[in-house]
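Trainee: One structure follows; several queries about it will come next.
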Amino acid sequence: MASISTDGNCGSNSKTNSTCLGSTYGDCCSAKGYCGGTSDYCGGGCQSAFGNSTAGAMNPTKASSTTASASTSTTTGTVSEDGNCGSNSAVFATCLGSEWGNCCSSHGFCGGNISYCSAGCQSEFGNCGLAAMTTNTTSNSDSSSGHLGAGAIAGISVGSAIGGLALVAVLVWLAFFRTKKKIKYSVRIEDELKPYPPSKPFVDSHELDGHGNLKHEIDGRGGYVRQELDTRMISELPAEPGHK
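Structure, rendered in structure tokens:
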């Protein structure tokens, strides 16, 4: 015996070939494999092997019924996990019970405000109407409250890029400053370590006589001075015997 559908899928659309008979979504299994209780599910193409297929099987009190204030349509697929629903979902996911909201907008996005639950709302994939609106759910692409828009993302990206460039500039400046300081310090050390230039050798002072000859006042080794000494010494030495 087939198990009763708990996710709104049935027959060919159910991994376990679930039946809609006795399910909370309705007793009819539509041609696409979704449980419901309206003519859309119990009419042509209804899979009778997985539920009722007659007009008497329609049950307006099931989850597929529609009211004036809020359309509590059938859950025609798995609960949306990515915010897409109905015609915009590969599995025709429903918004009923999703974290995004219970309404499936005309563009196929789950949400819980007037943009999703008003005109164009796909009642087959969630609730519709003012009573279906919620304020504590996260809306999908049709709302700016759930996800950041392209402008916000671009702004954040630009801000991050500018911040990164500023940080790089600061690091480059610090590196340059430290390198410059290190070079100046090295030059100063090198200057301090240079040896003092050798002192000039002591130079004897020389005077010129009247003939332009050097007069050595210190060592007295000049030729002119030597001549003076020789003359003086010869004149002062005693004469040898036999000479006058």
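Sequential numbering of the sequence shown, starting at 1, is according to full-length UniProt numbering.
Just so you know, even glycine gets a beta-carbon here, dropped at the ideal spot from N, CA and C.
Taking DSSP as the reference, what is the three-state secondary structure of residue 121?
Mentor: For the purposes of this step, residue 121 is taken as residue 121 along the sequence shown, with counting starting at 1. Coil at residue 121, not helix or strand.
Trainee: Using only alpha-carbon positions, find the residue among 92, 13, 8 that is nearest to residue 25.
Mentor: For this step, residue 25 is matched to residue 25 along the sequence shown. Nearest of 92, 13, 8 to residue 25, Cα basis: 8.
Trainee: Which residues bound the alpha helix (DSSP H) around residue 40?
Mentor: Position 40 of the sequence shown, counted from the first residue, corresponds to residue 40. Looking at the DSSP string, the run of the alpha helix (DSSP H) that includes residue 40 is 39–42.
Trainee: In angstroms, rounded to a whole number, what distance separates the CA positions of residue 89 and residue 97?
Mentor: For this step, residue 89 is matched to residue 89 along the sequence shown. For this step, residue 97 is matched to residue 97 along the sequence shown. Whole-angstrom Cα-Cα distance: 16 Å.
Trainee: Under the three-state reduction of DSSP, which class applies to residue 92: helix, strand or coil?
Mentor: Taking the first residue of the sequence shown as position 1, residue 92 is located at position 92. Looking at residue 92 - three-state DSSP - the assignment turns out to be coil, as it is neither helix nor strand.
Trainee: Strictly by DSSP, which residues pair up with residue 52?
Mentor: In the sequence shown, counting from the first residue as 1, residue 52 sits at position 52. Paired residue(s): 28.
Trainee: Can you say whether residue 51 is buried or exposed, counting buried as having 16 or more other CB atoms within 10 angstroms of its CB?
Mentor: Here residue 51 refers to the residue found at position 51 when the sequence shown is read from its first residue. Classification of residue 51: buried, given that the 10 Å Cβ count is 16 or more.
Trainee: Suppose you measure from the CA of residue 133 to the CA of residue 99; what does that come to, to the nearest Å?
Mentor: By 1-based counting over the sequence shown, the position of residue 133 is 133. By 1-based counting over the sequence shown, the position of residue 99 is 99. Their backbone Cα atoms lie some 13 Å apart in a straight line.
Trainee: Going by C-alpha distance, which of 170, 47, 86, 174 is nearest residue 14?
Mentor: Within the sequence shown, the letter at position 14 stands for residue 14. Ranking the options by Cα distance to residue 14, first place goes to 47.
Trainee: Cα separation between residue 124 and residue 81?
Mentor: Position 124 of the sequence shown, counted from the first residue, corresponds to residue 124. Position 81 of the sequence shown, counted from the first residue, corresponds to residue 81. For residue 124 and residue 81, the distance between alpha carbons rounds to 17 Å.
Trainee: Can you tell me whether residue 36 is buried or exposed, with buried defined as 16 or more other CB within 10 angstroms of its CB?
Mentor: Counting from one through the sequence shown, the residue named residue 36 turns up at place 36. Burial call: buried.
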